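What follows is a short report on a single structure.
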């Protein structure tokens, strides 16, 4: 059996995060400010043997705007970017140029047409199943 008691615990929590690039400040006064926390990203870089910064660990924060600006300078798509798309490299290149995330970048006309037909059929089936379920509930309530 576990016996519990209530204790007060002092804990350091961040109240503000500052983007190291732009200086933008995100206030984190309350634990429920998850939107603000999602607009800034923390990084930790560990340097190893052979580096001028061997044994150093750098930590910094970038707001989302500065992170996206940095990503646009990359020659190679970071792993995970558009990973669930058909042609992630084309999605990345188009995004760098336009700033818009087009998950169909690189698709041929035929691929788009086939996908639209598949989506319409899936939508039709979903609506059909939803109607069946709704009718079933009406009959049984």
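In our numbering, the protein residues as written are 1 to 141. Ideal Cβ placement from N, Cα and C applies to all residues, glycine included. It should be emphasised that the depicted structure is a prediction, and the values quoted were computed from it without experimental measurement.
The beta-carbon distance between residue 92 and residue 62, rounded to whole angstroms, is 19 Å. This is too long to meet the 8 Å contact definition. Secondary structure of residue 107 (DSSP, three-state): coil. For residue 92, the uninterrupted alpha helix (DSSP H) segment begins and ends at 88-98. Here the region 46-54 does not lie against the region 91-111, with fewer than 3 beta-carbon pairs under 8 Å apart. By the CB criterion at 8 Å, residue 25 and residue 18 fall inside the cutoff.
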